[in-house]
Ligand SMILES: Nc1ncnc2c1ncn2[C@@H]1O[C@H](COP(=O)(O)OP(=O)(O)OP(=O)(O)O)[C@@H](O)[C@H]1O
Ligand SMILES: Nc1ncnc2c1ncn2[C@@H]1O[C@H](COP(=O)(O)OP(=O)(O)OP(=O)(O)O)[C@@H](O)[C@H]1O
Ligand SMILES: [Mg+2]
Ligand SMILES: [Mg+2]
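Have a look at this one:
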């Protein structure tokens, strides 16, 4: 029995047909996966469901009723809750206020604060989310914010819940909490739409699956019983990908980056590490382990309270990102919305912002060269966009991420490339291409540091892994010794049952 | 360009078009325009830049001359040059142009009254009222509601002060209440501080740039509990703000206002300019008018004498 | 340093601490400052700015901007006087003023929220239009009040304190409560903090913004009525430049122009700092031209100290 | 509709189209408008606003705000006159003015960028301080120019066009180029779009902001010198309220107050629309009080039409 039905949905943005005539339906009590390349139209589909965007043609039918919403409020009233791909939180408000925004428990307009905090607190606890509802969202880390965002799903009694890449910045432990939550919701008979680029998750969770490609329906699987991963990848990407990781042995040279006793506010103790030429060094840890903080300190994005950094044996100052870049260290940060994209500016400008200094004379730009660089990386990273002049805000999440990567790949004279969650929100096909680019760069002698919360990814592409836990480096593992068990054991602060999580 | 050649067009530029005073000048100039059948172009120009544009604008419209009350007398050479460039005859009203060295530009015909003279009239009115009430200079405090950013304002209050001093007022009994803006509220706030600072003084006099400023001081005295017989405020202008005060059922500390006649300044200047451009009759180089004190009991008569109803 | 003390110093309202210190200093060193009369005078002098700041706080918190407040104050004052003169009833005058103020605010709100016109441009336009209306209605002249009872609005006292101060205090309390404790207040903060998230969460953004401007208009009308009563006439030229004073007071009090941050305590402090500065300069008899400089320096000092305080105490 | 026409209408600079239409209408219906004399007068009347708008555009694009421009214009004009009176050399006067303007801008920039003080408060403070300095230096009175050659700065003509208009045109070209074609311009826009991301991308955010304000100061000085020459004296009260006109012109021209969006064509159109409105009202002899209303309505109409145009043509 189909409960939620999309019927002939089409939606165009200027220059882009995001969805064309997509129809599929989902049964009650089912988790339905939605997959597709970056820019395939998944988020657009969800936005139409949430009343945020209006479809040009087609209808949404819930429980036999055609929905006509004028706004997101109407979608709520129809029982639809959507967790969007980009965090939609208000930093200055508390966790509880964010979770009840738009639906405050109120008496004659006065918010019942005590009731709200205790209710939200209970719901968070019952869902296994350990965050104080009175904390202001601006004090939370990205991962914690993501958990808050997800908690929106359980705050109200919804009939349809859609999650757009909820795990993209979660580590395995938090993901587990989320999965338990989703399964509980399924048991309660809700319809769940689940978007993810992680095949493992989709196969683990979902009962049925739809694949979009270029805004069209590519495949619909009412059941996943006889469906293989390879098949889904082929449906998404249009070609087979035998081995996503594609790791190959390289010769590793001298020490390129040497970071000693790096200290900062959020690190428990000073951290030291080194990365060699041609090496891909992974940093793994749970949310809040301090990896991002460490990398930001190395890059000079935050104020270091101590430590020295040298590149190729030469000590460098690098107290701000400019100096780091000039010394050959670049960082592609994890929070693309806050630290990455430059809103309102074109792809071309977003790509060239740093590397353009190599192409200018007396501060005057070279537009031809900039266009050429932009086109190169748009092609190389397969960014889906009508033109290089497009405002970056109009790209899909994954495509924005690619543009930010392009910014750093277009830099010249890079000796140390640090990428923090580089494939966050990026589809399988593009992922393997990005890995390939990393391998090539490493082969040319660059030292590459990959920070990731995705265990298979660090294990798949790195030559060496440093594990962080509670603000310090807790383990150092070579490729030969890689094992989920060992890595997770080092990452977990309480040393509890790594097996349960590795499952 | 010849379409308007026969028509007589005269500009009347004033520095503060919102002020009732200038509204009145315009109104009387309009009267002259109606009588003589010429077109009057009224433009407000709050600063030098707007004034220059206004003169250009008049030139473009094909006017033959204009009357101006300049936002600053030092604009003199600029106005003269601009008028010549646009081939316009020029007369001034209220404020007389000066050249770079500070001397009046005498070849530009002027009608007005000196700011210092008005101030002196205010001072005299205050002194007379003090005598009538039997106040002694040493027991009285004076509130100088000042707006020193405006040179005319300085000249007016200094005029009043010179008369007070000549009548035995001591400098230390004159207190400055600088208003941040030229409205009543600002004057009220500034004067309140002066009154509170000198709570021991019970008798006050107040003067300032215009009626609004003095009204602020009078309101301040009421606010701190000084009755009408403890305050002597004399304003300048005599337009509605002052008349409203006189019409109040009970007398207030605002005892009078020195009225300057917008009728002569508006009507006569416009007429003179018309005679000049239409019949080639040059106006007198300098006409000085006088102010008249209006009080609660005689303001209607004074206004009628000055030709304002 | 004890922890709770540190918390106060570090809190969002750290400016309060600076204010209290400054107040103490001024009380000791400026003669005549801490007298009852001067305190009442000081409070009365900030009534207009303070009243309007209440709703300007909402406006800024929602990432909007209102330049039309000064004009509305003048216009509403005129309306109150003219309507009560015409009907002979002060009540009618007050209602008419509130209505007109609210109507202007409503228009602002609708144009900004529904037609999505930039708030700066919209309110700049209504600022001019409303001022024009006030000038036309009165032919540019002050309008006297016929019924002396009208003066009592500003002159009457309760427990020795003039009623405008009571009105100000009540509005501070009411709007402080509204900001922190009601759905309307939280929605305002949310809209300013993240308009997109608020919209997606189903907050009625347009409606909230319209209400903010309408309230702003009505509150300006209150200020206008009290002002007219204080100066015993409706003046079309009143309150020119008020918008800048009010916005500065709010920003000084920690309200963020980027939206999403506001607190009534901060606004009160902001209003008071500006009022005290004027008051003390006049008490100390500082010449008019130097007042400009002192005013500027005080503004800078207040925010600089606030910055130093928070960075010295370890916040970034 | 052909495609390229649609593109022009839809482009960021659609306001240009409205402007051209409005200009054509006015030329036909307003007598004396499209005469050479009036055109020159019109252009001269927008010189000050136009010059200052060049750098204000950068300031707004970088998400900053500058209220001190009016004061700097007045101050620099005074300095130019006083310095050239004192030394007898106009060149020295000009240099001194540029230096003083730049210095004030530099101070603004350093305080805002380095001490991280809110730009509104900082420039509000310098606005007062600088105005105070101008008043003190001149004792509140205009300072006359001794050397009549100084007048020539504004009176001299090239190809029949007065030099201030040339200066304005050159500045438009230069700053248009700087905005679109230089690292400085692109960095400015990037900072406005996302300051944190720009910093992490290696943009020297502080330095860029400081430069913007310094340039702003120097450009205000140019405006001040030309103004002093036009009005043949240095006036401490000149250019009051200039900041609002300039910011409105920029915003009208599509510069976003939220930063990251600016275009010189828009700014030119914004400046011209405001200038034409004044000019036409005076040509049509509209009474002073009604001018307020017309001015407001024109502002609203301009942005409303721009909105209608873009939404009718299918942009969100
Ligand atoms: N506001 C917008 N304006 C113009 N184009 C847009 C806009 N939003 C999305 N698009 C385009 O619509 C297409 C579909 O985008 P959508 O966000 O649905 O992709 P997605 O499948 O969610 O991708 P991802 O996996 O990267 O999140 C993309 O090509 C994108 O560039
Ligand atoms: N903006 C912030 N404000 C306050 N605390 C923060 C902030 N961001 C992170 N933290 C805290 O700093 C610590 C380290 O966070 P960091 O983001 O560096 O960890 P991480 O290992 O990169 O994890 P993540 O997966 O979340 O990126 C955590 O305890 C986190 O709560
Ligand atoms: Mg998406
Ligand atoms: Mg991280």
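Residue numbers (this note's numbering), protein chains in the order written: chain V, 1 to 503; chain A, 504 to 812; chain G, 813 to 1128; chain Y, 1129 to 1444. Ideal Cβ positions, reconstructed from N, Cα and C, are used throughout, including at glycine. Since the structure is predicted, the reported quantities are computational estimates derived from the model, not experimental observations.
Which residues in the same chain have their Cβ closer than 7 Å to the Cβ of residue 597(A), if we skip the five residues on either side of it in sequence? As a working mapping, residue 597(A) is identified with position 94 in the second chain. The answer, listed in chain order, is 572, 615, 768.
Alpha helix (DSSP H) runs contained entirely in the region 351–430 of chain V, provided each spans 4 or more residues: Listed in chain order, the complete alpha helix (DSSP H) runs (minimum 4 residues) inside the region 351–430 of chain V are 367–380, 397–409.
Nearest to residue 576(A) by alpha carbon, out of 537(A), 549(A), 751(A)? In the second chain, counting from the first residue as 1, residue 576(A) sits at position 73. Looking at the Cα atoms, 549(A) is the closest of the given residues.
Cross-chain neighbours of residue 649(A) in chain Y, by beta carbon under 8 Å: Within the second chain, numbered from 1, the residue matching residue 649(A) stands at position 146. The premise fails here: residue 649(A) is roughly 10 Å from chain Y at the closest Cβ pair, so nothing lies under 8 Å.
Tell me which residues share the same chain as residue 443(V) and place their Cβ nearer than 8 Å to its Cβ, disregarding the 5 neighbours each side in the sequence. Locating residue 443(V) in the first chain gives position 443, where the first residue counts as 1. Excluding residues within five positions, the ones whose Cβ falls inside 8 Å are 250, 278.
8 Å Cβ cutoff, residue 1329(Y) in contact with chain V: Reading the fourth chain from its first residue, position 201 is the one you call residue 1329(Y). Chain V contact via Cβ: present.
In the DSSP assignment, what residue or residues form a beta bridge with residue 464(V)? Numbered from its first residue, the first chain carries residue 464(V) at position 464. Bridge pairing for residue 464(V): 281(V), 478(V) [DSSP].
Using 10 angstroms around the beta-carbon of residue 524(A), count the other beta-carbons present and answer buried if the total reaches 16, otherwise exposed. As a working mapping, residue 524(A) is identified with position 21 in the second chain. So residue 524(A) counts as buried.
Give me the chain Y residues within the contact set of residue 363(V), using Cβ-Cβ distance strictly less than 8 Å, ordered along the chain. Counting from one through the first chain, the residue named residue 363(V) turns up at place 363. Ordered by position in chain Y, the residues that pass the 8 Å Cβ test against residue 363(V) are 1310, 1311, 1312.
DSSP state of residue 204(V) mapped onto helix, strand, coil: Numbered from its first residue, the first chain carries residue 204(V) at position 204. If DSSP states are grouped into helix, strand and coil, residue 204(V) belongs with the helices.
Taking the beta carbon of residue 681(A) as the centre, do at least 16 other beta carbons fall within 10 Å, making it buried, or is it exposed? For the purposes of this step, residue 681(A) is taken as residue 178 along the second chain, with counting starting at 1. The residue in question, residue 681(A), is buried, as its Cβ has 16 or more Cβ neighbours within 10 Å.
Using the C-alpha atoms, what's the distance from residue 801(A) back to residue 1245(Y)? For this step, residue 1245(Y) is matched to residue 117 along the fourth chain. For this step, residue 801(A) is matched to residue 298 along the second chain. If I take the Cα positions, the gap works out to 58 Å.
In the DSSP output, what is residue 213(V) paired with across the bridge? Here residue 213(V) refers to the residue found at position 213 of the first chain. DSSP lists 216(V) as partners of residue 213(V).
Around the C-beta of residue 960(G), are 16 or more other C-beta atoms found within 10 angstroms, so that it is buried, or is it exposed? Here residue 960(G) refers to the residue found at position 148 of the third chain. Under this definition residue 960(G) is an exposed residue.
Alpha carbon of residue 1386(Y) to alpha carbon of residue 658(A), nearest angstrom: Taking the fourth chain and counting its residues from 1, the one referred to as residue 1386(Y) is at position 258. Taking the second chain and counting its residues from 1, the one referred to as residue 658(A) is at position 155. In a straight line, the C-alpha of residue 1386(Y) is about 46 Å away from that of residue 658(A).
Is the beta carbon of residue 129(V) sitting closer than 8 Å to the one on residue 81(V)? Position 129 of the first chain holds residue 129(V). Position 81 of the first chain holds residue 81(V). Contact: no.
Does the beta-carbon of residue 728(A) have 16 or more other beta-carbons within 10 angstroms, so that it is buried, or is it exposed? Translated into positions along the second chain, residue 728(A) becomes position 225. Classification for residue 728(A): exposed.
When you compare the CB of residue 654(A) with every CB in chain Y, is at least one pair closer than 8 Å? Indexing the second chain from 1 puts residue 654(A) at position 151. Yes, because at least one Cβ of chain Y sits closer than 8 Å to the Cβ of residue 654(A).
At which residue ranges does the region 272–350 of chain V contain complete beta strand (DSSP E) runs of 3 or more residues, listed in the order of the chain? 280–285, 306–311, 314–316, 329–332
Quick one: measure Cβ to Cβ for residue 523(V) and residue 165(V), integer angstroms, because I've assumed they're closer than 8 Å. Residue coverage of chain V in this structure runs from 1 to 503, which leaves residue 523(V) outside it and unanswerable.
Does any residue of chain G have a CB that is nearer than 8 Å to the CB of residue 590(A)? For the purposes of this step, residue 590(A) is taken as residue 87 along the second chain, with counting starting at 1. Not closer than 8 Å to any Cβ of chain G, the Cβ of residue 590(A) fails to qualify, so no.
Please classify residue 529(A) as buried or exposed, where buried requires at least 16 neighbouring CB atoms within 10 angstroms. Against the second chain, residue 529(A) aligns to sequence position 26. Around the CB of residue 529(A), 16 or more other CB atoms lie within 10 Å, so the residue is classed as buried.
Residue 714(A): first and last residue of the uninterrupted alpha helix (DSSP H) it sits in: As a first step, residue 714(A) is located in the second chain; it is residue number 211 there, counting from the start. Residues 714–726.
Closest to residue 894(G) by CA distance: which of 1024(G), 1046(G), 1112(G), 849(G) is it? The residue labelled residue 894(G) in the question sits at position 82 within the third chain. Distances from the CA of residue 894(G) to each of 1024(G), 1046(G), 1112(G), 849(G) were compared; the closest alpha carbon is that of 1046(G).
If we cut at 8 Å on Cβ distances, does residue 938(G) have a partner in chain A? Reading the third chain from its first residue, position 126 is the one you call residue 938(G). No, residue 938(G) does not count as interfacial toward chain A.
Residue 644(A) by DSSP, collapsed to three states: which one? One-based indexing of the second chain puts residue 644(A) at position 141. Residue 644(A) falls in the strand class under three-state DSSP.
Touching or not, the region 1221–1241 of chain Y and the region 1199–1209 of chain Y, by the rule of three or more beta carbon pairs under 8 Å? yes
Indicate, with yes or no, if ligand 1 has a heavy atom lying under 7 Å from the CB of residue 39(V). Translated into positions along the first chain, residue 39(V) becomes position 39. Yes - ligand 1 has a heavy atom lying nearer than 7 Å to the Cβ of residue 39(V).
Identified DSSP bridge partners for residue 542(V): In this structure chain V extends from 1 to 503, so residue 542(V) is not present and cannot be described.
Any idea if residue 104(V) is buried or exposed, counting beta-carbon neighbours within 10 angstroms, 16 or more meaning buried? Walking along the first chain from the start, residue 104(V) turns up at place 104. Classification of residue 104(V): buried, given that the 10 Å Cβ count is 16 or more.
Whose Cβ in chain Y lies nearer than 8 Å to the Cβ of residue 887(G)? As a first step, residue 887(G) must be located in the third chain, where it is residue number 75. Here the premise fails: no neighbours, minimum Cβ distance about 11 Å.
Straight-line gap, residue 1320(Y) to residue 398(V) (C-alpha atoms, nearest Å): Against the fourth chain, residue 1320(Y) aligns to sequence position 192. Against the first chain, residue 398(V) aligns to sequence position 398. Approximately 24 Å between the Cα atoms of the pair.
Cα-Cα separation, residue 579(A) to residue 783(A): What you label residue 579(A) is simply residue 76 of the second chain in a count that begins at 1. What you label residue 783(A) is simply residue 280 of the second chain in a count that begins at 1. Near 23 Å, if we compare the C-alpha coordinates of residue 783(A) and residue 579(A).
Classify residue 1443(Y) as buried or exposed, calling it buried when 16 or more other Cβ atoms lie within 10 Å of its own Cβ. Taking the first residue of the fourth chain as 1, we reach residue 1443(Y) at position 315. With a pLDDT of only 42 at residue 1443(Y), under the threshold of 50, the placement of this residue in the model should not be trusted; the figure read from the coordinates follows. Label assigned to residue 1443(Y): exposed.
Listing by chain order, which chain V residues have their CB less than 7 Å from the CB of residue 1008(G)? Here the question's residue 1008(G) lines up with position 196 in the third chain. Residues of chain V passing the Cβ test: 88.
On the three-state DSSP scale, how would you describe residue 107(V)? Here residue 107(V) corresponds to residue number 107 of the first chain, with the count starting at 1. Looking at residue 107(V) - three-state DSSP - the assignment turns out to be strand.
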